[in-house]
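There are 2 protein chains.
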Amino acid sequence: MPINRATAEALITRYCKTWNEPDPKLRHQLLRTVLAEDGVYIDPTVHVVGVSALVDHISKVATKYPGSMIVRTSAVDLHHDVLRFSWHKQLANGQTLPESIDVCTINEDGKLRLIIGFFGPLISNSAAA
Amino acid sequence: MPINRATAEALITRYCKTWNEPDPKLRHQLLRTVLAEDGVYIDPTVHVVGVSALVDHISKVATKYPGSMIVRTSAVDLHHDVLRFSWHKQLANGQTLPESIDVCTINEDGKLRLIIGFFGPLISNSAAA
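Protein chains in written order, with the numbering used here: chain A, 1365 to 1493; chain B, 1365 to 1493.
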């Protein structure tokens, strides 16, 4: 059964919370409820498979940007079993990094199966030409 | 081997061309070089699997919007085996529909395996609240 909009919003709110959970054990507990056991996370910096691997990756990012937070900046745009949303990283000093997007597929259990992140804005064709 | 940027640009240029090819036979020939045989195309209006099904879907869209064209509006943003780009539909009267994005995964043969489309802009969190 396809996921509905409210459930998708709640799922992504929980997902973003895992990025902001400093304790890896608590983060793992939370992420297990969000990401499929064989779920894939891929962004320009990394390609990891599974809950534990993503928990570890988030620890590395937290070490690189201490005190930073992920802030979702859009509603969840859902159709079929796919969704997108935008977010930015807010640094400890209050600065924000460029707005980025995640695109996800959802499995039969209502968990994220694939998370694809892209950082920053697209380059317009005229600027790229 | 991961695809490189120039190859990804050429792939997506060819993919957009399939949307603008009015002859279903020629479109099928072209799309076979772009989309995996079991490739999935999913946007807010449709979920189809395979080259023939997408050829047919494009025919339906062409009937709905006669004389329209797909115009790519961004460079291809590639990392690992995933990419995104933006585009809009230009109607026969010159009007354009809202800018949309496609996010794709690429298989080992360098063809598109999954194409996920989202129409129009994301709704900001403040507007959604």
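We treat Cβ as the ideally placed atom computed from N, Cα and C, and that holds for glycine. In this text, all values refer to a predicted model and were calculated from it rather than measured experimentally.
Annotation: the continuous alpha helix (DSSP H) that includes LYS1424 of chain A extends over 1415–1428. Between VAL1398 of chain A and THR1382 of chain A, the gap from beta carbon to beta carbon is short of 8 angstroms. The shortest CA-to-CA distance from GLY1414 of chain A to any of A:ASP1407, A:PHE1482, A:ARG1396 and A:SER1464 is the one to A:ARG1396. Put simply, of B:GLU1401, B:THR1371 and B:PRO1485 the residue whose alpha carbon is nearest the alpha carbon of PHE1449 of chain A is B:PRO1485. With a cut-off of 8 angstroms on Cβ pairs, the segment 1425–1435 of chain A is in contact with the segment 1455–1471 of chain A, counting three or more such pairs. For the segment 1448–1476 of chain B, the set of residues with a beta-carbon nearer than 9 angstroms to any beta-carbon of chain A comprises ARG1448, PHE1449, SER1450, ILE1465, VAL1467 and THR1469, in chain order. 8 angstroms or more divides the Cβ of HIS1444 of chain B from the Cβ of HIS1452 of chain A. Residue pairing by DSSP puts ASP1466 of chain A in a beta bridge opposite A:PHE1449 and A:GLY1481. Beta-bridge partners assigned by DSSP to ILE1406 of chain A: A:HIS1411 and A:ILE1480. By the rule that beta-carbons nearer than 8 angstroms mark a contact, ARG1436 of chain B touches chain A. B:ILE1470 is the residue among B:THR1409, B:ILE1470, B:ASN1384 and B:THR1437 whose C-alpha sits nearest the C-alpha of ASP1402 of chain B.
Boundaries of the beta strand (DSSP E) around HIS1443 of chain A: 1441–1443.
Secondary structure of THR1377 of chain B (DSSP, three-state): helix. Counting other Cβ atoms within 10 Å of its Cβ, ASP1466 of chain B reaches 16 or more and is therefore classed as buried. Residue pairing from DSSP places THR1460 of chain B in a beta bridge opposite B:GLN1454.
Per DSSP, the beta-bridge partners of ARG1436 of chain B are B:TRP1451.
Neighbours of ASP1402 of chain B in chain A, taken as residues whose beta carbon is under 7 angstroms from its own, are absent, since the nearest beta carbon is some 16 angstroms off.
Residue pairing from DSSP places LEU1399 of chain A in a beta bridge opposite A:LEU1476. In this structure, LYS1475 of chain B lies near ALA1400 of chain B, with their beta-carbon atoms less than 8 angstroms apart. Within its own chain, the residues whose Cβ lies closer than 7 angstroms to the Cβ of SER1423 of chain A, once the five positions on either side in sequence are excluded, are PRO1388, listed in chain order. For the C-beta of ASP1441 of chain A, the chain B residues within less than 8 angstroms are, from N- to C-terminus, PHE1482, LEU1486 and ILE1487. Cβ-Cβ separation between ILE1487 of chain B and SER1416 of chain A: approximately 34 angstroms, too far for a contact (criterion under 8 angstroms).
Contact between ALA1372 of chain A and LEU1442 of chain A holds, with the beta-carbon distance rounding to 4 angstroms and staying under 8 angstroms.
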